[in-house]
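Reading through the structure tokens given below for one structure.
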Amino acid sequence: MGGMPDQPVRGLRRLLAPAAWCGAIGLVLVLAAQAALRFLRVEAPMGELETGSSGDFVHYYHAAQAVLDGADLYAAGIRWYIYPPLFAVLLAPLAVLPFGAAAASWTALNAALIVATLVVGARECVRRFGPRVDEALLPVALLVAALVMSDKIRADLRLGQTDALILLAMTLGLVWVGRRAALCGLAIGFVINIKYQGLVFLPYLLVRRRWREAAWSAAWSAAFALSTSLVFGWERNLGYLRSAFAGLAEGVFGSVRSGEGRPTLFPLEWERSVSIPSVLARAAGALGAPAALVWLGTLVLGAGAVSIGWAIYRRHGFGLWGSGQAPAVVGLEWCGLIAGVLAFSPQTTSRHLYALLLPVLAASVLLVGRRPWAEGAPARWPLLAAMLVLAAGLRLPPGGGGFEGAVAWWRAVGGATWCQLVFFFALLWAGLGWARRLGAEGGRSGVA
Numbered sequence: 002m003g004g005m006p007d008q009p010v011r012g013l014r015r016l017l018a019p020a021a022w023c024g025a026i027g028l029v030l031v032l033a034a035q036a037a038l039r040f041l042r043v044e045a046p047m048g049e050l051e052t053g054s055s056g057d058f059v060h061y062y063h064a065a066q067a068v069l070d071g072a073d074l075y076a077a078g079i080r081w082y083i084y085p086p087l088f089a090v091l092l093a094p095l096a097v098l099p100f101g102a103a104a105a106s107w108t109a110l111n112a113a114l115i116v117a118t119l120v121v122g123a124r125e126c127v128r129r130f131g132p133r134v135d136e137a138l139l140p141v142a143l144l145v146a147a148l149v150m151s152d153k154i155r156a157d158l159r160l161g162q163t164d165a166l167i168l169l170a171m172t173l174g175l176v177w178v179g180r181r182a183a184l185c186g187l188a189i190g191f192v193i194n195i196k197y198q199g200l201v202f203l204p205y206l207l208v209r210r211r212w213r214e215a216a217w218s219a220a221w222s223a224a225f226a227l228s229t230s231l232v233f234g235w236e237r238n239l240g241y242l243r244s245a246f247a248g249l250a251e252g253v254f255g256s257v258r259s260g261e262g263r264p265t266l267f268p269l270e271w272e273r274s275v276s277i278p279s280v281l282a283r284a285a286g287a288l289g290a291p292a293a294l295v296w297l298g299t300l301v302l303g304a305g306a307v308s309i310g311w312a313i314y315r316r317h318g319f320g321l322w323g324s325g326q327a328p329a330v331v332g333l334e335w336c337g338l339i340a341g342v343l344a345f346s347p348q349t350t351s352r353h354l355y356a357l358l359l360p361v362l363a364a365s366v367l368l369v370g371r372r373p374w375a376e377g378a379p380a381r382w383p384l385l386a387a388m389l390v391l392a393a394g395l396r397l398p399p400g401g402g403g404f405e406g407a408v409a410w411w412r413a414v415g416g417a418t419w420c421q422l423v424f425f426f427a428l429l430w431a432g433l434g435w436a437r438r439l440g441a442e443g444g445r446s447g448v449a
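Position 261 of the sequence shown, counted from 1, bears residue number 262 in the working numbering, the numbering being contiguous throughout.
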């Protein structure tokens with residue numbers, strides 16, 4: 002369509018882009034500064050760090066100190082380090098610092114990881130959604146995503162969590178899938194050895210017949226798992242891995258486990274988990290129903306989610322199975338894996354929803370990065386409405402005075418999880434419509 006809009010749009014870009022860059026990066030830096038100052042004010046003795054403003058970082062800090070001291074990782078602190086040993090080893094250099102300094106340093110690194118995820122993720126979404134996406138408006142899309150996810154960015158920084166590291170690795174896996182199989186496998190193998198969410202990518206790669214990426218993912222996962230034997234020795238490292246992955250299996254079946262050298266795990270019905278299995282486990286407990294119904298209900302709801310996705314694929318003329326998907330479709334599926342693992346994991350807390358930053362980036366690119374005069378493009382309003390639902394679901398009801406009961410109820414029913422599923426299906430609908438339009442135009446519809 003004509004060049005009439007070019008001049009005013011170029012002027013708008015010149016005004017918006019620098020302000021959007023500053024706004025997005027500034028938001029992350031302000032939230033990081035608040036979190037770092039909070040950590041630096043922690044004055045509790047080492048034996049009392051598991052209280053107040055020490056966040057979750059204290060559990061990683063204890064595990065990292067155990068690495069330096071030659072002590073048992075899973076007996077450190079109050080035994081809340083439940084992951085494979087790799088992250089404790091990587092964090093060990095910070096354990097030579099006092100807790101406040103170590104936590105503030107980790108916060109600064111987390112802020113850098115979040116900014117990197119915003120930039121890399123937005124650029125990858127622009128690449129995948131084709132020539133009618135206006136790359137000049139990328140900073141605006143980035144700012145929109147940062148604002149929508151600001152509450153979860155704040156939580157990740159405030160708690161000193163690993164989610165920023167995990168999501169950047171997942172994003173790099175998307176960048177490299179179909180292009181650099183070894184690097185894609187490295188990213189996924191790394192995720193698996195920090196937290197277990199990365200396991201969901203292995204069956205996906207096999208279903209999509211990406212044999213090289215799947216093989217490299219398995220190889221790198223084994224390499225990372227065994228690399229820590231250079232620190233602990235072969236036998237001790239294998240013992241740690243057995244403890245970590247046995248904990249995963251026990252968590253799936255909802256048991257509580259603790260003891261000497263054994264990390265503490267919360268039950269499936271833990272009140273802070275907002276995943277669908279936890280919602281069903283709480284309901285089953287309240288009704289006196291057998292535990293088997295929890296997993297039956299999870300399977301039924303999971304099958305329902307897949308059926309909805311399949312219907313959306315068919316509506317837009319795409320196949321759900323097989324190989325050879327277009328770049329935009331692969332990006333949407335990567336987002337779907339993230340949404341699915343958050344919804345159907347045995348345990349998902351509110352701050353885990355930070356991982357939705359990548360799907361929100363994809364939605365932001367479709368909403369604000371698309372050339373406004375593109376003919377035949379899918380309507381924006383359903384995706385915009387779904388993003389508003391997500392933003393509300395992540396923030397409401399507010400915590401604090403008078404809302405404790407509402408917050409407890411919202412968690413009990415997994416409100417944020419249902420909102421993020423609504424958002425993802427809207428993203429899938431809009432994204433597949435956009436991918437179909439690209440294919441009709443002969444745009445970037447090649448395999449990626």
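From the three backbone atoms N, C-alpha and C, an ideal C-beta is built for every residue, glycine too.
In the three-state reduction of the DSSP assignment, Val43 falls in the coil class, being assigned neither a helical nor a strand state. The beta carbon of Thr172 sits closer than 8 Å to those of Thr118, Val121, Gly122, Glu125 and Leu359, all from its chain and outside the five residues before and after it, given in chain order.
Rounded to the nearest angstrom, the gap between the Cα atoms of Trp322 and Leu333 is 14 Å.
Nearest C-alpha to Ala102 among Arg42, Ser230, Val361 and His63: Arg42.
Annotation: the continuous alpha helix (DSSP H) that includes Lys153 extends over Ser151 to Leu160. By the Cβ neighbour-count rule, Arg438 is buried, with 16 or more other Cβ atoms within 10 Å of its own. In the same chain as Val342, and ignoring 5 residues on each side of it, the C-beta atoms closer than 7 Å to its own belong to Gln198 and Val201, in chain order. Contact between the region 337-355 and the region 278-297 is established, with three or more Cβ pairs separated by less than 8 Å. Nearest in C-alpha terms to Leu433, of all of Cys336, Gln35 and Glu405, is Cys336.
Counted as a single uninterrupted DSSP element, the alpha helix (DSSP H) harbouring Phe345 occupies residues Pro328 to Phe345. Less than 7 Å divides the Cβ of Ala329 from the Cβ of Phe130. One alpha carbon belongs to Ala37, the other to Phe404, and they sit about 28 Å apart. Around the beta carbon of Val178, a 10 Å sphere encloses 16 or more other beta carbons of the protein chains shown; the residue is thus reported as buried.
Annotation: the continuous alpha helix (DSSP H) that includes Gly406 extends over Glu405 to Ala413. The Cβ atoms of Ser218 and Leu231 do not sit closer than 7 Å to each other. In the DSSP annotation of this structure, the continuous segment of the alpha helix (DSSP H) that includes Ser228 starts and ends at Trp212 to Ser228. By alpha-carbon distance to Tyr84, the top candidate from Arg412, Gly240, Tyr355 and Trp419 is Gly240. Thr299 and Ala72 have their C-alpha atoms roughly 39 Å apart. Note that the region 56-68 does not touch the region 17-29; fewer than 3 beta-carbon pairs, one per stretch, sit closer than 8 Å. Across the set Pro140, Val90 and Ser308, the C-alpha of Pro140 shows the shortest separation from the C-alpha of Ala20. Secondary structure at Val275: coil, using DSSP grouped into helix, strand and coil.
Rounded to the nearest angstrom, the gap between the Cα atoms of Gly400 and Leu91 is 34 Å. Gly318 counts as exposed, since fewer than 16 other C-beta atoms from the protein chains shown sit within 10 angstroms of its C-beta. The beta carbons of Ile154 and Ile115 sit about 6 Å from each other, so the pair counts as a contact at 8 Å. Within the region 50-106, the runs of alpha helix (DSSP H) at least 4 residues long that lie entirely inside it are, in chain order, 58-70 and 87-92. For Val178, the three-state secondary structure derived from DSSP is coil. Asp135 is a Cβ neighbour of Gly370, given a cutoff of 7 Å.
Distance between Ala364 and Gly416, taken at the CA atoms: about 21 Å. Counting along the chain, Ala304 sits inside the alpha helix (DSSP H) bounded by residues Ala293 to Arg316.
A straight-line Cα-Cα distance of about 7 Å links Ser274 and Ser351. Here the C-alpha atom of Ala109 lies approximately 23 Å from the C-alpha atom of Ala67. Taken through DSSP and simplified to helix, strand or coil, Glu270 comes out as coil.
By the neighbour-count criterion, in which a residue is buried when 16 or more other Cβ atoms sit within 10 angstroms of its Cβ, Leu297 is exposed. With 16 or more other Cβ atoms from the protein chains shown falling within 10 Å of its own Cβ, Val127 counts as buried.
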